[in-house]
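J.: Counted the way our numbering counts, the sequence shown spans residues 5 to 194.
By construction, the Cβ of each residue, glycine as well, lies at the ideal position given by its N, Cα and C atoms.
Since this is a predicted model, take the numbers as computed values, not measurements.
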Amino acid sequence: MSIRILGGLAKGRSLFVPKGDQTRPTSVLLKRRIFDSLQDLSEYHFIDLCAGSGSVGLEAWSRGAKSVKFIENHPLALKSLEKNIGDFKNSFVSEVSERPLIISKQGVEKWPAHFKSEGPTIVFFDPPYESHHLYKKLMPPILENPSISQLWIESDRQKGLASTYWDALGHKPDKLFEQGTSYLAVFRFN
């Protein structure tokens, strides 16, 4: 299976996504809506938590992100992520040297303790929808981190957390993009 980059430098480029249910790429509609609302990411660093095949992080890079860090430790997902990033590094040699693509093979639970800001940062968090514990464990340190400019959370009203869950934490999303039962909540902090 493959999906494509929707805009920017690598527009139209295919990405490899493994067969099976080990990864679940963000839908084209949700991805288009979030990225079209921002267009230029050149002032941001981007962190793709639970990166899977890396489609969202690579879309951010294609649209100008200063750097992209992919946090992933599932072996099958890592294989496709490494393939996709390798293809970008081979095709965009000078651009990748200026705006690096970095894989961190750590569990997402360990990420907040190792996060060091390099400037305005967007964090995209898309764990398996059923992993409610990951949402609940990682949300407080992410929401309380002053270095994070925006947080994008993908979930599903049936399998994941209700889109109103964030209101109960006192953090109503600035924008909510929906497709079917899936949604992408955008929180802006700076």
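Could you tell me if the beta carbon of residue 68 falls within a distance shorter than 6 Å of some heavy atom in the ligand COA?
T.: Among the components of this structure there are no ligands whatsoever, and the ligand COA is therefore not found.
J.: Would you mind reading off the limits of the beta strand (DSSP E) that contains residue 52?
T.: Residue mapping note: residue 52 aligns to position 48 of the sequence shown, counting from 1. First-last of the beta strand (DSSP E) with residue 52: 49-53.
J.: Could you give the C-beta distance for residue 68 and residue 91, rounded to a whole number, given that I count them as a contact under 8 Å?
T.: The residue labelled residue 68 in the question sits at position 64 within the sequence shown. The residue labelled residue 91 in the question sits at position 87 within the sequence shown. With a Cβ gap of about 19 Å, residue 68 and residue 91 do not count as contacting.
J.: Within the continuous beta strand (DSSP E) that includes residue 38, where are the two ends?
T.: Looking up residue 38 in the sequence shown gives position 34. Not the beta strand (DSSP E): residue 38 falls in the alpha helix (DSSP H), residues 32-42.
J.: Between the C-alpha atoms of residue 32 and residue 182, what's the straight-line distance to the nearest angstrom?
T.: Translated into positions along the sequence shown, residue 32 becomes position 28. Translated into positions along the sequence shown, residue 182 becomes position 178. Just so you know, the alpha carbons of residue 32 and residue 182 end up roughly 12 Å apart.
J.: Thinking C-beta only, is residue 109 closer than 7 Å to residue 88?
T.: Sequence index remark: in the sequence shown, residue 88 carries index 84 (1-based). Sequence index remark: in the sequence shown, residue 109 carries index 105 (1-based). Cβ distance not < 7 Å, so residue 88 and residue 109 don't count as in contact.
J.: Out of 162, 79, 149 and 184, which has the shortest C-alpha to C-alpha gap to residue 237?
T.: The structure shown does not extend to residue 237, since the chain is modelled only from 5 to 194, so the question has no answer here.
J.: Let's see if you can read the secondary structure: which residues bound the alpha helix (DSSP H) around residue 91?
T.: By 1-based counting over the sequence shown, the position of residue 91 is 87. Segment 79-95, the alpha helix (DSSP H) holding residue 91.
J.: In terms of DSSP beta bridges, what is residue 189 paired with?
T.: Taking the first residue of the sequence shown as position 1, residue 189 is located at position 185. Paired residues: 157 and 180.
J.: Would a C-beta distance cut-off of 7 Å place residue 66 and residue 7 closer than the cut-off?
T.: As a working mapping, residue 66 is identified with position 62 in the sequence shown. As a working mapping, residue 7 is identified with position 3 in the sequence shown. For residue 66 and residue 7, no; Cβs fall outside 7 Å.
J.: In terms of residue numbering, what span does the beta strand (DSSP E) encompassing residue 10 cover?
T.: Here the question's residue 10 lines up with position 6 in the sequence shown. Per DSSP, residue 10 lies in no beta strand (DSSP E) and is assigned neither H nor E.
J.: For residue 168 and residue 180, what's the separation of their Cα atoms in angstroms?
T.: Taking the first residue of the sequence shown as 1, we reach residue 168 at position 164. Taking the first residue of the sequence shown as 1, we reach residue 180 at position 176. Residue 168 and residue 180: Cα-Cα distance of roughly 10 Å.
J.: Using the C-alpha atoms, what's the distance from residue 94 back to residue 101?
T.: Taking the first residue of the sequence shown as 1, we reach residue 101 at position 97. Taking the first residue of the sequence shown as 1, we reach residue 94 at position 90. Those two C-alpha atoms are separated by around 11 Å.
J.: Less than 7 Å between the beta carbons of residue 112 and residue 155, yes or no?
T.: Position 108 of the sequence shown, counted from the start, is the residue given in the question as residue 112. Position 151 of the sequence shown, counted from the start, is the residue given in the question as residue 155. Their beta carbons are not under 7 Å apart, which means residue 112 does not touch residue 155 by this criterion.
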